[in-house]
Structure formats: structure tokens, C-alpha cells
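Visitor:
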Amino acid sequence: MDRKKVLIIKFIFLFIIPSIIAIRLFLLQIWDYKKYSIKIERQISTKIDINIPRGDIVDRNNKILATSVEVASVYINSKWFLNGIESLKKLKPTIIQKNLKLLYETFNISENELIEKCKKFKRFCLAEEVDLIKIKEIKFIPGVEIVVTQKRIYPYENIGSYVIGRVNKDNNGYSGVELAFNDLLSNMKKKEILAYKTGALQKKYFRLANFSDAKSLLENNKNFTVVLTLDIELQSRIESLLDKFYEIYKPNFIVCIVQDTQSGEIIVLSTLPKTDTPQSNFAVNYVYEPGSIFKIFPMAVFLEEKVVTPDTKFDCENGKFTYLGVTIKDVKPNKILTVEDILVHSSNIGMAKIYLKYGNAEKLFNYLSLFGFGNLTGIELPYEAKGFIPKINSKGYSPISPINVSFGQGLSVNFIQIINGYTAIANNGVLLQPYIVKSILDSNNNVIYSNKKTVIRKVVSEKTANIIKEFMYQTVERGTAKKAKIEAVNICAKTGTAQKFDTKLNVYSNDKYLMSCCGFFPKEEPKFTVGIFVDEPKRGTLASEVAVPIFREVVSEILKYYNEVYYAKAY
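Numbering-wise, the working numbering puts 408 at position 69 of the sequence shown, and it's gapless, one number per residue.
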């Protein structure tokens, strides 16, 4: 080879080829860096979704009422499974046989059954909601695919289920607090992180691609926590009591509400029959004509307006009184009763005659609205029904309408409204905001929202409220609520045996009642307001026979419980 050719070859290898390589490297690593770095990133890494657990719901003492745990769904990829176990039987026969045996025993399936399924389906689900501990060993079997999901669990099972609520298969709330606070409880559903690929066919391990994702996994991976005002231990005790009465009376439902009289917090909200799949909540979604339990509110208006005094007397007509062609009856006939005794003995005729002396329907209805009737209470539970108060000159209104309202007919209320109205009387005429959510915590347990006692308005004077308290106390001492009496504490209460309106016959039923007893204690400085509502019991004809004994046992249980808590803290 001549000298010229040698020089050309040297020039090509020493200058041309290195220059081409340099230019190529420049184009790849600098000029087209962004374009190719994206491709490289895709080849060596992958994005993995990490499920973020739904936030917890806890009671006032931080006892968990609803939380989420990781569970696994086990799938079999038939081709990988059959080919993989055949290969491993030759390489690691002891290990694979041990793991396969564990697989068959865990899911109660024989080897032949599993092989037949593999021949029939390309991929199938072997089991759902499996404890992660159970899959610890079997996840190494070829063709076994594990999909980890979140399962909602309720440690107290169906206790308080109507309040707590439940989630659907997509982990979204469909009732109770789970629904009302769904956006906060599931504010973060998934977190996407970048991980290096392992080269394995199945994603069994991953290595985080950057520090920020590692930090993100440790922090901010928790949703908000909702803290309720409920005391789940007290609720559990009361629901055990209600179970007994539910069996005795076999009603459509029983509702028990306990409110902290001084703050407005709902401490207990129990509904029977119990259920694991609560839909509507009778305490807030159901409205009814309250009957005699409502009488304290018109009576408070009449006293506030100075129409009567406690000693004013009325002729109660021996139990039957006709006005404008409508006959009003009392359960037990009385002749002359004072205003106090009209409430103590629950006389419909007495209430009607007091209203006739007052004669101002519009003002009466306005007062009742100030007590919260006909309006939403704003309790933090979904689908609250507000009920109604009649309006003058509206359809169906007549001169008899305000008379009916005076003894609890011709209007509708929900149970929270009734309880909160009784609390207003206990609080010297001051209406409070009822609430069931105490606070909301962020992922670091910092309080981002805190509820507190909120005064809505003063409805009646302290003097009027105290007179009503005395009437209610006398109702327990010598009236319709005598069976609620407990020697250790002075109780104020009122009963109601509300006739249910038969929409088919367009008359009030003679055999369908909603029986109730509401009150507060102790009389001197009320701490708790309690309401018992029993719908269509199959035994008993009066609230004094049905609702009052339940009320008494609930009050006894509250006293016992808080005495135990007090002594436990003291020692």
C-alpha cells in the first residue's frame, strides 16, 4: 500500500471518525438531550400508583370508628403459572412444592381444580380481600399476581352505623359521615411515584427513582381524620339497652338521642334495628307529627306572651270539647286544671283553650320557627328533612290549624329538632347549634377545623324557661312521666303518644302511634338532654308504658357511665 493511502486511512481514523462520533455524541447528549432522556427514562423507570388510605373517623375519645386496611386480590396468570411451576419443580422442587401446598390450603382449592381453571381461563381472580400476611409466601409463585387495595373496616361493627355511614365498592361514602365528609376523607386517593424497573416480568419489587418520592411516601400519605362528638362506649351501652326493648315492643324503629345540654354536642345517636348497610337515618331524614311531646313549646310562647300564669285555670270539659265542628279529646278526662296541670297531665283540651285565649296564629308560628322548627338544624349528616309549620292562608290552613299545633298535630318535625328545642328550654331559653363533628385533623394530626358551642338566638326569657322546667319536673313527679323518676337526680321530662295520620283513610289512626319521651337532667343545672322515640310498638298503648321506661333506663346508664369515668380519672 503506497504512502498516500496510508495517510488517508490514518486521517480517517484519527480525525474523521472521531469527529463523527463527537458530533453524534453532541447531538445525542446535548442537542437532543431532552428528547432522548425522556426515552431513556421510560426504558429504565416506570410510574407506580400508591393507594392512599381513606381518612379515619374517630369518636370524641379518639377511638377508631372507621379506618382502612390494605387487602389483596389474588389473580392467576395461567400461562406463567403452568410454565413457571414446571420449571421451578426441576430447579427448586422442595421450595415450590411447599409454596404450592400453602396456596392450595390458603384458598381451599385442589391442584387439579386450579389446573383446570388455568386451562379454561387465561387470567382469573382466585380470591378477593385477602389478608396481606396470607400472601407473604405465595406471591413468589410464578403467575400469581397480587393487586393491593384498601378495605374499609368498622371496629365497632354496626354500633353507630347510621351516623358513621358506609362506603360503596369504589370506596366512596354513600351514607352518614362517610358521605357527608367524603371529599375530605378521600381527598387523596392515589399517589404517583417514579421507580426503577427491575427487569422482572412481574412487579414484585421496585426502587424509588428520586429522593423526593421517598420523602413523599413517608409524608402526606394520609387523608383527613374526622373526629365526632359521639362517645362510642356510651353508645354501645345504650344500644345494648335498646336491643332488649326492641325485642319486647317489636317497633318499626327506636331512636335514642343524647345531647350535651351545655354545648349542643350530640353524644349518642342510636337507631334500631341495627344494620351493616345503613341508608337513611331516622333521626334526621324522618319527619312526623310530634303529638304531646311538642306541647312545651306553645306553652312557652303563651307564658312568654303573658296570656296565662301557671295558676290560671281552664275547664277541660271532662275529656271532650267541640270547636268549629271538630271534637278534641283527652286520654284521661279532667274538669278544672291549672296551666301547670294542663302540661303535667297532657291535656289537649287545655292547650286548645289556652290558644283560643291567645288567638294569634301568626305570632305563635313565628315563635315556633325561632325554636328551629320548619328549618334545617344544620347537623352534619346528609339529607336532613326540615319538616314544616303551617302558614296562614296556605293550602289546607283553617282556623283549627293553630289549635292542632298547640297540642302537636298539623305540623311535622325531625327528632334532632325536638331534642335541640328541649335543650333550649334547659339552657334558659337559648337555642344552640347542634353538632356531631368535633374537629377535623390533617395528615399530621393538626386541627384544621374545630367546632364549639354556638348560640343561635335567645327564644324565650329565663323566667319562662324556668317555669317550663318546673312543669316538666312535676310531670315526672306526679304526671304522665312518673315512671322516669330516679331518686338520685331531679329529672324534667315530657311524654308524647302521637297518632299517625293514615293517608289512605285521610284520618288519624287509632292503632298506629309514635311514642316518645324527652327531657333533661339534673333540673338544677342540666347536663344532658335525652330523647326516646318508638315507632308503632306492637305492645303498649301509651308513651308512659313504652317510651318512659326506656327513657329511665337510658338516664340510669348515663349516670352510671359518667360516675365510672369520673372515678377512673380520679384514681
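From the three backbone atoms N, C-alpha and C, an ideal C-beta is built for every residue, glycine too.
Is the region 801-817 in contact with the region 678-688, if contact means three or more CB pairs nearer than 8 Å?
Guide: They touch, by the three-pair rule.
Visitor: Chain B beta carbons: is any one of them nearer than 8 Å to that of I477?
Guide: As a matter of chain content, chain B is missing from the structure shown, which is built from one protein chain.
Visitor: Where does R576 sit, in a helix, a strand or coil, going by DSSP?
Guide: Note: R576 maps to helix in three-state DSSP.
Visitor: For A519, which residues of its own chain have a beta-carbon under 8 Å away from its beta-carbon, when the five flanking residues on both sides are left out?
Guide: Only G504, G512, E719, L720 and P721 meet the Cβ criterion.
Visitor: So, under 8 Å CB-CB, V516 and V506 are touching, yes? Tell me the CB distance rounded to an integer number of Å.
Guide: Between V506 and V516 the Cβ distance is about 11 Å, and since that is not below 8 Å, they are no contact.
Visitor: Would you mind giving the Cβ-Cβ distance between Y697 and E644, rounded to the nearest angstrom? I have them listed as a contact below 8 Å.
Guide: Sure, about 7 Å apart at Cβ, within 8 Å.
Visitor: Taking the alpha carbon of I739 as the point to measure from, which residue in E809, F660, L771 and I757 has its own alpha carbon closest?
Guide: I739 has its Cα closest to that of F660, out of E809, F660, L771 and I757.
Visitor: Please classify D841: does DSSP put it in a helix, a strand, or coil?
Guide: Strand at D841.
Visitor: Buried or exposed: L524, going by 16 or more other Cβ atoms within 10 Å of its Cβ?
Guide: Buried, because 16 or more other Cβ atoms sit within 10 Å of the Cβ of L524.
Visitor: Whose C-beta lies closer than 7 Å to the C-beta of G423 among residues of the same chain, with five residues either side of it excluded?
Guide: Excluding residues within five positions, the ones whose Cβ falls inside 7 Å are P481 and G482.
Visitor: Using a Cβ-Cβ cut-off of 8 Å (strictly less than) and excluding sequence neighbours within five positions of L471, which residues of its own chain qualify?
Guide: Cβ within range, chain order: E409, V410, A411 and V487.
Visitor: What's the C-alpha gap between S575 and Y900?
Guide: Near 11 Å, if we compare the C-alpha coordinates of Y900 and S575.
Visitor: Which residue or residues does DSSP assign as beta-bridge partners of V597?
Guide: Per DSSP, V607 and V869.
Visitor: Three-state secondary structure (DSSP) at R393?
Guide: It is coil, neither helix nor strand.
Visitor: Using the three-state DSSP reduction, which class does F781 fall into: helix, strand or coil?
Guide: Here residue 781 turns out to be Asp, not Phe, going by the sequence shown. Three-state DSSP puts D781 in coil, outside helix and strand.
Visitor: Using three-state DSSP, classify G664 as helix, strand or coil.
Guide: Coil.
Visitor: In angstroms with no decimal places, state the Cα-to-Cα distance between F831 and N510.
Guide: In the sequence on display, residue 831 carries Cys and not Phe. C831 and N510: Cα-Cα distance of roughly 44 Å.
Visitor: Inspect the beta-carbon positions of A882 and G858 and report whether they are closer than 8 Å.
Guide: No. Outside cutoff.
Visitor: Have a look at Y910 and N902 and give me their C-alpha separation to the nearest angstrom.
Guide: Low per-residue confidence applies at Y910: pLDDT is 34, beneath 50, and the placement is therefore not dependable, though the value from the model is reported in the following sentence. Taking the straight line joining both Cα atoms gives about 12 Å.
Visitor: Considering Cα atoms alone, identify which of D398, A691, S751 and P888 is closest to V665.
Guide: Answer by Cα proximity: A691.
Visitor: Need the endpoints of the beta strand (DSSP E) that R462 sits in, please.
Guide: Start and end: R462 to D470.
Visitor: To the nearest angstrom, how far is the alpha carbon of G879 from that of S848?
Guide: Answer to the nearest angstrom: the Cα atoms are 15 Å apart.
Visitor: Looking at R462 and S417, is the spacing between their C-beta atoms short of 8 Å?
Guide: Going by C-beta atoms, S417 is nearer than 8 Å to R462.
Visitor: Drop a sphere of 10 angstroms on the beta-carbon of T610, count the other beta-carbons inside from all chains shown, and report buried for 16 or more, exposed for fewer.
Guide: Counting Cβ neighbours within 10 Å, T610 comes out buried, since at least 16 surround it.
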